[in-house]
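Residue numbers (my numbering), protein chains in the order written: chain A, 16 to 99; chain B, 16 to 99.
We put the beta carbon where it would ideally sit given N, CA and C, even for glycine.
The model shown is predicted, which means the values in this text are computed figures rather than measured ones.
I have placed the structure first, in the form of structure tokens, so that the comments after it can refer back to it.
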């Protein structure tokens, strides 16, 4: 079975996100006001084969923990859909 | 009204994503097989005030086009939820 995982990796809420702060500060300069917070992280899509949804979930969880997210500073969440 | 926008900015499908390719190549080394494609982009959350959902949508669309996405190489999509 083939699956597609949609993963979001974000800086943890209690940490500063300097890149996001810069965007907040600059949006008024391009005519966009009313924005009080911006946080910027990664969006990763993984296309993978697995025997069943449980195995797919296990693989994606491992990929997040071991490679995609720095769990000290980032949190992640994902959804998995079956595509074939 | 306060809104929270969840934006994904991804490299366009027809373009190479070298960062994603490196992840595909390295996942087997950490014991994760069966992955045939990985694409890496940005996930941005924007918290903003607007008079109504339509105005919120317009602001987020403008932020994406003018600042967050390079529309030559990246595509974006977003969902907006009302939070207050």
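| query | Does the beta carbon of residue 23 of chain A sit closer than 8 Å to a beta carbon anywhere in chain B? | reply | Working through the first chain from its first residue, we reach residue 23 of chain A at position 8. Interface residue, yes.
| said: Since residue 22 of chain A and residue 75 of chain A should fall inside the 8 Å C-beta cutoff, what is the C-beta to C-beta distance between them, to a whole number of angstroms? | reply: Within the first chain, numbered from 1, the residue matching residue 22 of chain A stands at position 7. Within the first chain, numbered from 1, the residue matching residue 75 of chain A stands at position 60. Rounded, the Cβ-Cβ distance is 7 Å, consistent with contact.
| Inter-residue Cα distance where the pair is residue 30 of chain B and residue 57 of chain B | Here residue 30 of chain B corresponds to residue number 15 of the second chain, with the count starting at 1. Here residue 57 of chain B corresponds to residue number 42 of the second chain, with the count starting at 1. The straight-line gap from Cα to Cα measures roughly 16 Å.
| field | Coarse secondary structure for residue 85 of chain A, derived from DSSP in three states | value | Here residue 85 of chain A corresponds to residue number 70 of the first chain, with the count starting at 1. Looking at residue 85 of chain A - three-state DSSP - the assignment turns out to be coil, as it is neither helix nor strand.
| Would you report the Cα separation of residue 49 of chain B and residue 32 of chain B, rounded to the nearest angstrom? | The residue you call residue 49 of chain B lines up with position 34 of the second chain. The residue you call residue 32 of chain B lines up with position 17 of the second chain. Distance between the alpha carbons of residue 49 of chain B and residue 32 of chain B: 19 Å.
| Exposed or buried, residue 43 of chain A, counting other C-beta atoms within 10 Å across all chains shown (16 or more means buried)? | Counting from 1 along the first chain, the entry for residue 43 of chain A is found at position 28. With fewer than 16 other Cβ atoms within 10 Å, it is exposed.
| request: Could you give the DSSP three-state label for residue 66 of chain B: helix, strand or coil? | output: The residue given as residue 66 of chain B occupies position 51 in the second chain. Looking at residue 66 of chain B - three-state DSSP - the assignment turns out to be coil, as it is neither helix nor strand.
| Thinking just about the alpha-carbon of each residue, which of B:40, B:73, B:61, B:38 is nearest to the one in residue 51 of chain A? | Mapped onto the first chain, residue 51 of chain A falls at position 36. When each option's Cα is compared against that of residue 51 of chain A, the closest is B:61.
| field | Start-to-end residues for the beta strand (DSSP E) that takes in residue 26 of chain A | value | Position 11 of the first chain, counted from the start, is the residue given in the question as residue 26 of chain A. Note, residue 26 of chain A: beta strand (DSSP E), 17-26.
| Helix, strand or coil at residue 102 of chain B [DSSP, three-state] | The question about residue 102 of chain B has no answer here: the residues shown for chain B are numbered 16 through 99.
| field | Residues within the segment 48-65 of chain A neighbouring chain B, beta-carbon criterion of under 7 Å | value | 49, 50, 51, 52, 53, 54, 55, 56, 57, 58, 59, 60, 61, 62, 63, 64, 65
| field | Boundaries of the alpha helix (DSSP H) in which residue 33 of chain B is found, first to last residue | value | Your numbering for residue 33 of chain B matches position 18 in the second chain. From DSSP, the alpha helix (DSSP H) with residue 33 of chain B extends over 33-41.
| query | Applying a beta-carbon distance threshold of less than 7 Å, which residues of chain B neighbour residue 45 of chain A? | reply | Here residue 45 of chain A refers to the residue found at position 30 when the first chain is read from its first residue. Those within 7 Å of residue 45 of chain A in chain B are 81, 82.
| query | Is it true that the CB of residue 65 of chain A sits closer than 8 Å to the CB of residue 16 of chain A? | reply | Counting from 1 along the first chain, the entry for residue 16 of chain A is found at position 1. Counting from 1 along the first chain, the entry for residue 65 of chain A is found at position 50. Yes, they are a contact pair.
| task | Report, in whole angstroms, the separation of the C-beta atoms of residue 53 of chain A and residue 59 of chain B, which I expect to be a contact under 8 Å. | result | Stepping through the first chain from its first residue, residue 53 of chain A is reached at position 38. Stepping through the second chain from its first residue, residue 59 of chain B is reached at position 44. At roughly 7 Å, the Cβ-Cβ gap stays under 8 Å, so residue 53 of chain A and residue 59 of chain B are in contact.
| Whole-angstrom distance between residue 19 of chain B and residue 19 of chain A, CA atom to CA atom | Counted from its first residue, the first chain places residue 19 of chain A at position 4. Counted from its first residue, the second chain places residue 19 of chain B at position 4. Approximately 25 Å between the Cα atoms of the pair.
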